[in-house]
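Colleague:
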Amino acid sequence: MNKNFLFFSLFLLLSFSSFSQQTAAFTNDYAEFNQALELYNNGQFLAAQSLFSKIKEQSNNETVQSDCAYYIANAAVRLNQQNADQLMEDFVEEYPTSIKRNSAYIDVASYYFENGKYSYAQKWYDKVDASNLSRSEQEKYNFNMGYVYFKANRFEEAKKYFNKVSTSQKYGSQAKYYLGFIAYEGDDYEEANKNFEEVKGEERYSEDLSYYQADMNFKLGNFQKAIDMGKEQFDRSNPQEKSQLSKIIGESYFNLGNYAEAVPYLKEYKGMRGKWNNTDYYQLGYAYYKQGDYENAIGEFNKIVDGKNAVAQNAYYHLAESYLKLNKKQEALNAFKNASEMDFSAEIQEDAFLNYAKLSYEIGNSYQSTPQVLLSFIQKYPNNANNEALKDLLIDSYITSKNYKEAMDLLENNKNFENKLAYQKVAFYRGIELYNEKNYTEAISFFDKSLKEPRDPNFTARATYWKAESDYQLSNFEKSLIGYKQFQQLPGAQNTSELANLKYNLAYNQFKLKNYEEAISNFKSYANSSSAENARKKDAYLRLADSYFVTSQYWPAMENYNSAIELDGENDYAQFQKAISYGFVDRSEKKIEELIAFSKKYPKSVYRDDALYELGNTYVAQNKNSEAIGAYDQLIRDIPNSSFVSKALLKKALIYDNTGKSSEALGIFKKVAKDFPNTPEAMQAVASAKIIYIDQGQVNEYATWVKTLDYVEIGDTELDDDTYQAAEQPYLENKQSLAQSRFEDYLNQFPNGQHALQAHFYLGQIYFSNGKNDQAIPHFEYVVKRERSEFTEQALARISELYLGKKDYQNALDYLTRLEAEADFPQNIIFAQTNSMKASYELKQYAKAVNYAEKVLQNSKIDNSIKSDAQVIIARSAMKTNNEAKAKTAYAEVGKIATGQLAAEALYYDAYFKNKEGNFEASNASVQKLAKDFSGYKYYGAKGLVLMAKNFYALKDAYQATYILESVTTNFTDYPEVVDEAKTELSKIKTTEAKTNASVETGN
């Protein structure tokens, strides 16, 4: 067909009438319009658009202008120009009667459709008048409209258009495919299957159809058919489809109970967007579980994090059972606890709770006490067949959990459960716990509670014994003696471990009561028994010797001092006492020999000043004045802080006075009066000096000198003495209220009296015994600020104790330092050193604390409680200074000897260091022991759980880690720093797990 005919035809289509009227115009425009149309048809849209624009501007013919506008807009669409849509809108608005209007909509819509711009296509298809389209154009229009809505996921609209062409020869198969897919997405699997079956033979749909039909059969419960269809397509699938088919096939096998066949397909699944969810992990874990492959089952179940539905409850229950099969009881306890806290399945919940309770009894529980767990189960499930057995476990759990305080609360406050035997035992053990904490008064109250339920003779005897021990520690010696004797007569006493030390304790009690004959009998009996421990046996020999000594039986005393020396090898006290004893059996030369040897052998002994002073006195008795002065001078020179210095100076002055050296004597008397004011030695020195002044006729000089001594009031001495005696007498008779009033009167009347020092000390003691600590402090301060006296050491110990009680560690440390340097009694030195290390630690003086602790540990005579205190101070200080190697060693030592809270702390750090070393399972074992043996110490229990969570995560058990940490955040709010640590760890773990598990929420 030639171009002239095309052009002519074109004009016929436009308007015959207008053509006849405008022939001349079209003839003039023909060449350029035809050229532009040819460019357009050849795809040269930009050139065509330019030429059409030129023709439109030059032509006066509306039809030509209309056609040009049409082609200009179409070219803009194809050139993707920004104003294309507007040009087409302008064309429609400017030429509303153009026959190209509908064609314009179709053309633009089809262009966008063919280029995959379906939202643009829909905009223009919506403008089309479908009634003016031919049949074939209508089919294309309906199919395209259906597809546009399909791509926009507007399936209901898509269905209307696809249904219109479902019988079309050209579009029918495609429409049925998409109708099938829409039905599939809407879970109308019968409709989907019907449509898919009709297009099944067409190769282009076969791959997708196999997947969809496999999935539909799975969802319809036709698992075997789903497997068959999935396998048919499996090898031909792309990786994404293969992953989905693996899930369909694997889960179908799972639902048919064919777990071995399910595993490889379930494992092949890649997850949604590369992530599995908790259900995916559950199915694979359960498949392993059903085959007895508990290791792999655990490996999948424990990836289920944040599970809060029926699937999670089921998974956690079977996870717990898998742990039990592998004897991982702590892990099983956590999983059973978790399953018991969910109520999706009442049967699983009850059985999980039962197992949780049994395991709590068996291995301990850090979350709550085992008795609480058992009681909670019995109360929640009163008809459970296992309850009778659980009640037996409950009784025993009070003892095995060692959480006696909580157990007592339960027994005393739970009316639904009473067990007198359990009450007797628990009350006894709670008493022992308090005794070990040195809370003796409270301990007695629990021993009394135990004795009110005398069900078991053995525990009745033991409670009697330890009540007596508590009374002894409180210095209630009469009461403790009665208690020991009662214990001795009880039939249950014969089978107790306490019986072995009864004679020893009875002897000490008699010794304190100054019943020395009975003390001797019992000490001798204990020392000669085969069951006597070496340390106690040595001490028994010493106290036996002391008892002989104070009753003037010096030869037997020396024999027993020798026995103690033979056991110990080095015993300065026994050596000193033996030396002194020689003086009482008229063996003065031997006494002198022993005292000289003692001073050389024990240059650092606390008894060295005693020895030198006694040596000087012995020389005086033999009229060996020069040797006596030598001994006194050595004491004064070598031990200047000794309480014997004032006495040695006085003795030396008396020697000079008695040998005619009055001037030398007077100088020393004046020195004693000045340097040791208010002491008995000072008073004697003043009296002796007075005699010398009188003998020398220097009475005025004496009066002048005495005025410099503010504690000597001439003329008032007798009144001073009488007033003081009136106060001291009721004090000695334990009439404290009267004594307090009289001591206060004395000090008001004689603030610098000759007995002011004693009065202040005794007043301090009275206030202290009445709990008036703040009023006691000034009186003890008065004593310690004066020159050293017989009261200085006791006052230093008391004031240190009072400041420690106030947590005023700096003041306490100042006085403790003095006490350590000035004390004569070993127990006070130990007291000073142990409390100096504690005070230094509290003041964050860690190096100083460690120095004191190491000094304490050098003393071989301290007991285990003091040793453990010292090791703990070393360990804690080392932790504070980041010396974990030293801390580890110290905590290991604590663990060997400590009890109660210190033992719990040591066990926690044992777990801590094992975690740091990567020994995660051993660390968990220590945390389990902490939970079982020290469940009453919640702080370390909570910290141990956080540590256990870290261990489990390092062992690839995310479930255990997250569950434990979540439990800590809800169960241990009393310890906010531990909860904060748990939350931090939990956040880290969830952030990591969320990368592979779609069920994990990281916002928690």
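Letter 752 of the sequence shown, counting from 1, is numbered 752 in the UniProt record's numbering, and no numbers are missing.
Every residue gets a Cβ at the ideal spot worked out from N, C-alpha and C, and that includes glycine.
Since this is a predicted model, take the numbers as computed values, not measurements.
Should GLU993 be listed as close to the ligand SAH, given that the test is whether its C-beta is under 7 angstroms from any heavy atom?
Modeller: Among the components modelled here there is no ligand, and therefore nothing to report on the ligand SAH.
Colleague: How many angstroms separate the CA atom of ALA564 from the CA atom of ALA532?
Modeller: Distance between the alpha carbons of ALA564 and ALA532 is about 13 angstroms.
Colleague: Just to confirm my understanding: we take ASN439, look at its own chain, exclude 5 residues before and 5 after, and list those with CB closer than 7 angstroms. What are they?
Modeller: none
Colleague: Contact check, TYR259 vs GLN291 under 8 angstroms by CB: the rounded distance?
Modeller: 6 angstroms
Colleague: Helix, strand or coil for TYR617, going by three-state DSSP, please let me know.
Modeller: Per the sequence shown, residue 617 should be read as Asn rather than Tyr. Looking at ASN617 - three-state DSSP - the assignment turns out to be helix.
Colleague: Quick test of the definition: if touching needs 3 or more C-beta pairs under 8 angstroms, does the stretch 464 to 484 touch the stretch 441 to 453?
Modeller: They touch, by the three-pair rule.
Colleague: Measure how close the beta-carbons of ALA832 and LEU819 come, nearest whole angstrom, since I'm counting them as under 8 angstroms.
Modeller: Sure, about 4 angstroms apart at Cβ, within 8 angstroms.
Colleague: Let's test the definition: count the other Cβ atoms within 10 Å of the Cβ of THR723 and tell me whether it reaches 16, buried, or not, exposed.
Modeller: buried
Colleague: Going by DSSP in three states, ASN924 sits in which element: helix, strand or coil?
Modeller: Note: ASN924 maps to helix in three-state DSSP.
Colleague: If you follow the alpha helix (DSSP H) that ASN102 is part of, which residue opens it and which one closes it?
Modeller: 101 to 114
Colleague: Taking DSSP as the reference, what is the three-state secondary structure of MET342?
Modeller: coil
Colleague: Using a Cβ-Cβ cut-off of 7 angstroms (strictly less than) and excluding sequence neighbours within five positions of GLU790, which residues of its own chain qualify?
Modeller: Around GLU790: SER643.
Colleague: When you compare the stretch 546 to 563 with the stretch 576 to 585, are there three or more beta-carbon pairs, one atom per stretch, that lie closer than 8 angstroms?
Modeller: yes
Colleague: Nearest to PRO728 by CA position, among ALA756, THR708, PRO751, SER134, is which residue?
Modeller: The residue asked about is misnamed: residue 728 is Glu in this sequence, not Pro. Closest option to GLU728, Cα to Cα, is ALA756.
Colleague: Could you check if ASP280 is buried or exposed, using at least 16 other CB atoms within 10 Å of its CB as the buried criterion?
Modeller: buried
Colleague: When you compare the CB of GLU664 with every CB in chain B, is at least one pair closer than 8 angstroms?
Modeller: No chain B appears in the structure shown, which is made up of a single protein chain.
Colleague: From the DSSP output, in three-state form, read off VAL1000 for me.
Modeller: coil
Colleague: At the level of alpha carbons, what is the spacing between ASN748 and ASN641?
Modeller: 31 angstroms
Colleague: Based on Cα-Cα distance, which residue from GLY221, SER923, LEU902 lies nearest to TYR937?
Modeller: Checking every option, the nearest Cα to that of TYR937 belongs to LEU902.
Colleague: Helix, strand or coil, according to DSSP, for GLN368 in the structure here?
Modeller: Annotated three-state conformation of GLN368 is coil, per DSSP.
Colleague: Based on the DSSP output, what are the partners of LYS275 in its beta bridges?
Modeller: Paired residue(s): MET272.
Colleague: Buried or exposed: where does SER497 fall if 16 or more other Cβ atoms within 10 Å of its Cβ makes it buried?
Modeller: exposed
Colleague: Which whole-angstrom value is the C-beta distance of ALA540 and TYR526, which I expect to be below 8 angstroms?
Modeller: Yes, they are in contact, since the Cβ atoms of ALA540 and TYR526 sit about 5 angstroms apart, within 8 angstroms.
Colleague: Since LEU266 and LEU284 are thought to touch, with beta carbons under 8 angstroms apart, how far apart are those beta carbons, to the nearest angstrom?
Modeller: 5 angstroms
Colleague: Going straight from the alpha carbon of PHE234 to that of SER131, what length do you get?
Modeller: Looking at the two C-alpha atoms, the distance is approximately 47 angstroms.
Colleague: In or out: ARG430 buried (at least 16 other Cβ within 10 Å) or exposed?
Modeller: buried
Colleague: Between the stretch 301 to 314 and the stretch 330 to 343, do three or more beta carbon pairs fall short of 8 angstroms?
Modeller: With three or more CB-CB distances shorter than 8 angstroms, the stretch 301 to 314 counts as touching the stretch 330 to 343.
Colleague: Checking 8 angstroms against the spacing of the C-beta atoms, do GLN486 and THR464 come in under that value?
Modeller: yes
Colleague: Would you kindly report the start and end of the unbroken alpha helix (DSSP H) that includes ARG818?
Modeller: 809 to 822
Colleague: Does the Cβ of ALA668 have 16 or more other Cβ atoms within 10 Å, making it buried, or fewer, making it exposed?
Modeller: For the sequence presented, residue 668 should be read as Ile rather than Ala. The residue in question, ILE668, is buried, as its Cβ has 16 or more Cβ neighbours within 10 Å.
Colleague: Taking ASN509 and SER480 to be in contact with their CB atoms under 8 angstroms, please state how far apart those CB atoms are, rounded to whole angstroms.
Modeller: Contact flag correct, Cβ pair sits at about 5 angstroms.
Colleague: In or out: GLN21 buried (at least 16 other Cβ within 10 Å) or exposed?
Modeller: Because the pLDDT at GLN21 is just 41, under 50, the model does not fix this residue reliably, and the value given afterwards should be weighed accordingly. Exposed, by the Cβ-count rule.
Colleague: So what does DSSP say about GLY764, is it helix, strand or coil?
Modeller: helix
Colleague: To which residues of the same chain is ASP572 closer than 7 angstroms at the C-beta, ignoring the five residues directly before and after it?
Modeller: TYR602, SER605, TYR607
Colleague: Under 6 angstroms Cβ to Cβ from PHE301, same chain only, skipping five residues before and after it: list those, please.
Modeller: GLY285, ALA315, LEU319
Colleague: Work out the CA separation of SER376 and ILE182 for me, nearest whole Å.
Modeller: 53 angstroms
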